[in-house]
Structure formats: structure tokens, C-alpha cells
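Counting from 2, one number per residue, gives the positions in the sequence shown under my numbering. Glycine included, each C-beta is placed from N, C-alpha and C at the ideal position. Report on the following structure.
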Amino acid sequence: MKDNYWLRRGMSRRSLLGGASTGAVGLAALALVGCGDDDDDDGGATSPAGATTSSGATTAATAAATTAAKPAQGGTVLLRIAGNLSGLEPVQGVGGNDHQFLWTVYDNLISYDKDFKLQASRSLSESWENPDPTTFTFHLRKGVTFHDGTPFNSAAVKRNWEWGTNKDITSNVRTDLGPITSVETPDEYTAVYKLSGPYAPLARLWGDRPGMMISPASIDKYGKDIIKNPVGTGAFTFKELVLDNRIVVARNPSYWQSGLPYVNEIRFLSVPDEDTAVNGLKSGSINLFWNIPAKSYPTFKDQKGFISAEREGVAVAPLLYMNSNRPPFNNEHARRAVAFAIDRAAICKGIYNDLSTPGTSFMGPGNGEFDKSAKGIQLDLKKAKEELVAANLADGFSFTMTVQNSPEAIRVGEVIQAQLKEIKIDAKITQLPAPDYYNKFIQEQAGDSFIAGFSGRIDAWQTLSFLFASEGTYGKGGTQAKDAEIDTKLAKARATYDDAQRIALYREVDAYAMEKAYSVSVAFNKTLVVRSDKLTLDIFGDGKPHIGQGDVSIKS
């Protein structure tokens, strides 16, 4: 099968800058990249609402302790990542894991805090308004420059909109930007977006990929290759990439937020094997493990030198995605048979140690739109067999199922495989590294299904559109069947500013997609984080590492 991973095109398997050798990072290699300046004693931590630490500290108590002293400057964050990212710029990448890197290099037109509140102090816009349903105006921050020296201004904002809607590239934000018809630049620091109609979710979408600002000069210089040449306005500048090994960003000395960032460097360390990563955390060659496996999480509870924290978020993880445009899953009854045959509670208990709950929705519990009363599709082998009969597949069928080559993901695949055998469905497992396991499904329609988490978005319109809309990522990629009812309701929700009415529409779409079994919501996993007690950071409600700006510090 063709390997289309973006970084392997026209690029050697050596560092872009340093010429270092590659290879999966084992403990010895991790030791070589160093442990930063974290050689001190106990440290504090903050936890947002809805999060708990290993000591059970509340937000108020920990915040009071943290604000007593100004965070120290210096140190290196050593963050474990499961594998290569899908891209180093916001428009062409597709992986949810990309964000942890993107937010270090890029700032957003509007940024949000750990509890999804929009914050001007974190944003490239000093203020904004939506004076009428078809106009969105930004008053931009002055004196900001991109890492290549290009000024940030209204012309840069317009160029980013042109790039995101460019039909000559594979844009992951085209659907989000679709209702925008033009961008006006009445002066250097005012950008006015003109819309084709009301667009209620727009303000919150600017905190995600659509609002990450790329240097216009770098777009002109690199074109599509900007995906491996990131240039933003963020707190960190891109320093080095070694495929299958590490990505390094360094402190931006000219950052527009005075005194930030606190740390000197962030190293994203590719460690696919979870046990190796856990050992790296124990040895100090990793000091931040995001989404640590549930089996390993209790090991660090109340252990000296570490802080464990967890939070319920917007993620649905894992999901079983199915290609509903071809056999066997273009047959609704075949999809429903699979959905009814999966014992979600057994997976939550046996694999996730009851640190997750059975999936009942495509919107995670951290979403304000989440319906606690939703039941979804749950285990019912009798109904599963009835669906097979309705599909004219009473004797079962086989399909391919791709999983990430990590122990926890493989276990999930094997358990689902065993559960489906009970109704004569044979799931043939293929293991691939990140990002290949999802890229090949999304971009090449390779395989019948794949298992992965979906990190979700702070507004459910973006989540549901991404997954199920005809112009969403899966719809455009050819693996999600076009469904006029979903498209119509999402369009109506987009135009509805009344929160209650919009949430009702989101829930209707969610329930409909669940009934059609376009994907299978297996579980709601909490965000589980273990870090050195010398690091201070928050867990955001989106469940992703926010370590740009002043979001992380290390005690010296």
C-alpha cells in the first residue's frame, strides 16, 4: 500500500536541521535528549473545575498556592507523543494529536481558557463583535510579528482565509470557513468577515484550527510544503524535526506576551510503546505523559515526585469508524449489528479500569450539549442477530479493522474482535503506527474501519460536521455516506443563535447518527495525565495538552 505520510514526501529520514539519526525512541535515546532543569523538590499544580489531582486538591486551593509565587523561567518540557503527527500546520493536518504542537507555534484569533471561556488576553484579537448575523469583525492586536518577521495585520488574516479555502490543497478547515464569503480589510488592524448567513458557532471555532494564524510569507514561500515548515506568532518557534523520534520547539524571545513563555524548550518525544514511555516517566527522561494508559495511571497516584490528574472532557474515545460508502458498511443493518454486539461496559472495566464510561453519544460529557439521558446503542446480541438477518447476512461477514500499534489500542481491537465473533462477524485486525492508521482510512479509503479516539471540539457543531456532514472531513474523504437529514439539521443549527434551540438540534443529529450507526461510540475516556511534580499546568476541557503561551512552567 502506498505510504502517503506527508513528511516522507521529498524529505530524508533525518533531522531537518541537525541531521540526527532516527528511530523509535527507547529509554537510552530518551536519556540522551536530557531531562531539562527539573532537579528540584516538590512542586504545586493547578486543576480546573471538573479535574482532580492525586491529592484530591480543589481548584481554589491549588490556585491560591500557585499564585503566591511567580512561575520560574527556564527548563524543558519532555512530552511523550505516541508517534508522528499528521502535519505541523493547521490547515492540511487531520490528526487530533496535532494540536499539542500547533498551539505552541501558532496563536489564535480568539483563544479560550481551560473552561472554554473566550479570552482576549490570550488572543490575536484585542476585541471582536458580531454586529449582525452576516458580519464578524476583529480588532487585531498591534505590534505582533510572525517568527519570520512578517507583521501580523488584517492582510495576514485575509491571506489565511484564502489559504484555508484553497481548493488546490487538502484543507481540513474548508467546511468551517465555508459560510465566509469574503474578508474585508478597512484598515491595517481591522478584519471583517462577511458571511453567507448566520453562523452561531463561529466565535468558538476561532480557537481551533480555523483561527490559527500562519505567516503569509511562509505560505507564499512553501505552498503545500508549509505542512513541514511551520511559521506562526506563537510562544515557541520551530527548531527541529526527527521523524519517528522528536519534534523540538524553542522559546520565542520576541513573543508579544511579555515574560512568556516560561519554559525554554518543549520536546515532543515519539515513544509508541506505552510501557517504554511509562519507564521513561519513572526515570525522568519524560516529565509529562498525556493520556497515560488506564492500567498505568494508578501506579503514580500519590507517588512522590509525580502529580496525577484527570478530567472528563469532550472526547469520545475510542470510536469505531466505518466506511459507510461501500460493503459491508454501506448496509445500515450491518453497521447496527456491529453496534449492538459490542459490550462497552466490559471494555470500560477490563481495559480502562473503570476510568471510563460506556459511550452513548458522539459528544463527550464535557460538552455543554451532551445529553445525560441519551442511551445510545448498547449490548444486545438478540438485536444484533436480527440486524444481520435484515442485512441478508445471517451467516455473518468479515471486514478489516485498523488499529494503532500501541498495546492499549490493540487490546481494544482484540476485545471487539472477540465480541463480534459471537455473532459470526470476523474482524481482521491490521496494526499501523500514527498517523498512518487514520491517514490511510481518511485519505485513501484504505480498510473497512478503524479504531481511534475523537478528541471533540468545544462546539458540537464542529464535532458533528467533522464526523458526519457531507462536506466534513470524512464526507469529503469518501468514507462517510452523504445524508441529507444530517446536512439539513446541521445547517439549521449553524444559523440558530438561541442556545437551547441549537443544542436541541445537535442532540437530534447525534441521536440520528447513533441510530444509523455511522460510527460506534465505545467509551468516554477521561483525560489522564501524569507529570513531574516540578511542572505546573492545567488540564483544559478539550482534553488536549495546552503548553503554549504561559500554560506550563517548571520549578528550577
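Bridge partners - Y562, DSSP secondary structure assignment
Examination of residue 562 is not possible in this model, given that the chain is present from 2 through 557 alone.
D133, enclosing beta strand (DSSP E) - first and last residue
In the DSSP assignment, D133 falls within the beta strand (DSSP E) that extends over 126–133.
Quick one: give me the first and last residue of the alpha helix (DSSP H) that I170 is part of.
In the DSSP assignment, I170 falls outside any alpha helix (DSSP H), carrying neither H nor E.
Buried or exposed, going by whether 16 or more other CB atoms sit within 10 Å of the CB of Y498?
exposed
Residue span of the beta strand (DSSP E) that contains I140, given as start and end
The sequence shown places His at residue 140, not Ile. H140 -> beta strand (DSSP E) spans 136–141.
Look up D221 in the DSSP assignment and say whether it is helix, strand or coil.
When secondary structure is reduced to three states using DSSP, D221 falls in the helix class.
From what residue to what residue does the alpha helix (DSSP H) around T105 run?
100–106
Coil, strand or helix - T47 by DSSP
The predicted position of T47 is uncertain, since its pLDDT is 39 and thus under 50; no value can be drawn from it.
DSSP has M515 in a bridge; who is on the other side?
Answer by DSSP bridge pairing: none, since M515 is not bridged.
Grab me the residues of Y513's own chain with a C-beta within less than 7 Å of its C-beta, minus the 5 sequence neighbours each way, in chain order.
E486, I487
Mapping DSSP to helix, strand and coil, what is T67?
Reliability of the predicted coordinates at T67 is poor, the pLDDT of 42 falling under 50, and no value is obtained from them.
Pull up the distance between the alpha-carbon of P132 and that of K527, whole angstroms please.
Here the alpha carbons of K527 and P132 stand approximately 38 Å from one another.
With a threshold of 8 Å, are at least 3 pairs of Cβ atoms found where one atom belongs to the segment 357–372 and the other to the segment 418–425?
no
Identify every run of the alpha helix (DSSP H) within the segment 272–351, keeping only runs that are complete inside it and at least 4 residues long; order them along the chain.
275–284, 333–342, 345–351
From the DSSP output, which residues share a beta bridge with P359?
A524
DSSP puts R252 in a beta bridge; with which residues?
Bridge partners of R252: F237.
Is the beta carbon of G457 less than 8 Å from the beta carbon of V249?
no
Can you tell me whether L468 sits near the ligand GDP, meaning its C-beta is under 7 Å from at least one heavy atom of the ligand?
This structure lacks the ligand GDP, and indeed carries no ligand of any kind.
Which residues in the same chain as H334 place their Cβ atom closer than 6 Å to its Cβ, once the five residues preceding and following it in sequence are excluded?
E388, A391, A392
By the three-class DSSP mapping on this structure, what secondary structure does G27 have?
With a pLDDT of only 40 at G27, under 50, the local geometry of the prediction cannot be trusted, and the value read off the model is given with reservation. The answer is coil: DSSP assigns G27 none of H, G, I, E or B.
Whole angstroms is fine: what's the gap from R345's alpha carbon to T431's?
21 Å
Just the Cα atoms here: how many angstroms apart are A295 and G76?
28 Å
Select from N109, K429, Y200, K556 the residue whose C-alpha is nearest the C-alpha of D500.
Y200
Pair within 8 Å by beta-carbon distance, K159 and Y190:
no
Simplified DSSP assignment, three categories, for N368
Secondary structure at N368: coil, using DSSP grouped into helix, strand and coil.
With Y322 and F451 assumed to form a contact (beta carbons below 8 Å), what rounded beta-carbon distance in angstroms separates them?
Taking a contact as a CB-CB distance under 8 Å, the pair Y322 and F451 counts as one, their CB atoms being some 5 Å apart.
Mapping DSSP to helix, strand and coil, what is T464?
Assigned with DSSP and collapsed to three states, T464 falls in helix.
Exposed or buried, Q444, counting other C-beta atoms within 10 Å across all chains shown (16 or more means buried)?
buried
Looking only at its own chain, which residues have a Cβ that is under 6 Å from the Cβ of D372, when we skip the five neighbours before and after it?
R508
Name the DSSP beta bridge partners of S122, please?
None, per the DSSP bridge assignment.
Between the Cα of Q258 and those of P231, V279, T146, spot the shortest distance and give me the residue it belongs to.
T146
According to the Cβ coordinates, are E409 and I352 closer than 8 Å?
yes
Decide if the segment 106–126 is in contact with the segment 228–242; the criterion is three or more beta carbon pairs, one per stretch, under 8 Å apart.
The segment 106–126 is in contact with the segment 228–242.
Which residue or residues does DSSP assign as beta-bridge partners of P152?
T146
Identify the residues that DSSP records as bridge partners of L433: which are they?
Q405
Among the residues of its own chain, which have a CB less than 6 Å from the CB of N324, if the five just before and after it don't count?
Closer than 6 Å at Cβ, skipping near neighbours: F330, D449, T480.
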